Amino acid sequence: MKEEKMAPLQLDDVEFQIKKACQIYKRYPKPYPKNPHSCLANVIKPTPTHLSNSPLMPSPEEIDMADTVQFVWLNWLTPTEKRLLWRRYDGVPWKILAYEENLTIRQARYKVQKSLEKILLKLIKINKKQ
Numbered sequence: 009m010k011e012e013k014m015a016p017l018q019l020d021d022v023e024f025q026i027k028k029a030c031q032i033y034k035r036y037p038k039p040y041p042k043n044p045h046s047c048l049a050n051v052i053k054p055t056p057t058h059l060s061n062s063p064l065m066p067s068p069e070e071i072d073m074a075d076t077v078q079f080v081w082l083n084w085l086t087p088t089e090k091r092l093l094w095r096r097y098d099g100v101p102w103k104i105l106a107y108e109e110n111l112t113i114r115q116a117r118y119k120v121q122k123s124l125e126k127i128l129l130k131l132i133k134i135n136k137k138q
């Protein structure tokens with residue numbers, strides 16, 4: 009049997025996976041209390057898909073991929089890098105990110121780019137070992 013060579017990982021692939029993970033987490037159902045004045049725990053109430061505007065629940069494979077991104081890849085980064093990267097691909101504008109982290113927009117973009125590169129290098133190193 010011939011071994012198939014995987015295409016080399018690129019920065020765009022890492023970026024795409026993180027964007028996709030953010031979109032998957034947005035599709036989770038939101039818990040809400042039965043009664044706003046109730047002290048009981050929040051309940052996730054499934055809504056029929058034909059009545060809601062939200063897309064379908066993510067598949068188990070999508071959830072697994074999103075968990076890998078969030079709990080493995082992002083653990084290789086510092087807390088500031090995690091926060092910047094995740095919030096950026098969650099749709100927060102650069103200006104707001106820079107303000108919240110007390111950075112310039114240029115510094116915020118640089119940190120996000122370096123975070124992506126750090127993840128890519130780690131993934132390449134892992135793939136070489138296998």
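Going by the numbering used here, the sequence shown opens with residue 9, and the numbers climb by one from there. Glycine included, every Cβ here is placed at the ideal spot set by N, Cα and C. What you are looking at is a predicted structure, and each value in this text was computed from that prediction instead of being measured.
### Message
In whole angstroms, give me the CA-to-CA distance for Val77 and Lys28.
### Response
As a position in the sequence shown, residue 77 is number 69, starting the count at 1. As a position in the sequence shown, residue 28 is number 20, starting the count at 1. Whole-angstrom Cα-Cα distance: 10 angstroms.
#### Entry: Residue range of the unbroken alpha helix (DSSP H) whose run includes Val22
In the sequence shown, residue 22 corresponds to position 14, counting from 1. Under the DSSP assignment, Val22 falls in the alpha helix (DSSP H) whose first and last residues are 19-34.
### Query
Leaving out five residues before and five after Ala116 in sequence, what residues of the same chain have Cβ atoms less than 7 angstroms from its Cβ?
Taking the sequence shown and counting its residues from 1, the one referred to as residue 116 is at position 108. So the qualifying residues of the chain are Leu92, Trp102, Leu105, Ala106, Glu109.
### Query
Looking at the structure shown, is Met9 part of a helix, part of a strand, or coil, going by DSSP?
The residue you call residue 9 lines up with position 1 of the sequence shown. In this prediction, Met9 has a pLDDT of 39, which is less than 50 and means its spatial position is unreliable; what the coordinates show is noted afterwards. For Met9, the three-state secondary structure derived from DSSP is coil.
### Message
Less than 6 angstroms between C-beta atoms, sequence neighbours within five positions excluded: which residues of the same chain meet that for Pro6?
### Response
It is not possible to answer for residue 6, since the shown part of the chain is limited to 9 through 138.
### Message
Going by C-alpha to C-alpha distance, which of Thr112, Glu69, Arg95 sits closest to Ile26?
### Response
On the sequence shown, residue 26 is found 18 positions in, with the first residue counted as 1. For the residues Thr112, Glu69, Arg95, the minimum Cα distance to Ile26 belongs to Arg95.
### Query
What residues in its chain sit with their C-beta under 8 angstroms from that of Leu17, if we drop five residues either side in the sequence?
By 1-based counting over the sequence shown, the position of residue 17 is 9. Non-local beta-carbon contacts of Leu17 in its own chain, meaning distances under 8 angstroms to residues more than five positions away in sequence, involve Leu128, Leu131, Ile132, Asn135 in chain order.
#### Entry: Rounded Cβ spacing between Leu124 and Glu23 (contact assumed at less than 8 angstroms)
Sequence index remark: in the sequence shown, residue 124 carries index 116 (1-based). Sequence index remark: in the sequence shown, residue 23 carries index 15 (1-based). The Cβ separation is near 6 angstroms, so the contact holds.
### Query
Going along the chain, which residues of its own chain have a beta-carbon closer than 7 angstroms to the beta-carbon of Lys137, five neighbours each way excluded?
Taking the sequence shown and counting its residues from 1, the one referred to as residue 137 is at position 129. A distance below 7 angstroms between beta-carbons, with the five flanking residues on each side excluded, links Lys137 to no residue of its chain.
### Message
Can you give me the C-alpha to C-alpha distance between Tyr97 and Phe79, rounded to a whole angstrom?
### Response
Against the sequence shown, residue 97 aligns to sequence position 89. Against the sequence shown, residue 79 aligns to sequence position 71. Going by the C-alpha atoms only, they are around 16 angstroms apart.
### Task
Report the rounded CA-to-CA distance for Ile113 versus Val120, giving the unit in angstroms.
The count along the sequence shown starts at 1 and reaches residue 113 at position 105. The count along the sequence shown starts at 1 and reaches residue 120 at position 112. Approximately 11 angstroms, taken between the alpha carbons.
### Query
Taking buried to mean at least 16 other C-beta atoms within 10 Å of its own C-beta, is Thr86 buried or exposed?
Mapped onto the sequence shown, residue 86 falls at position 78. With fewer than 16 other Cβ atoms within 10 Å, it is exposed.
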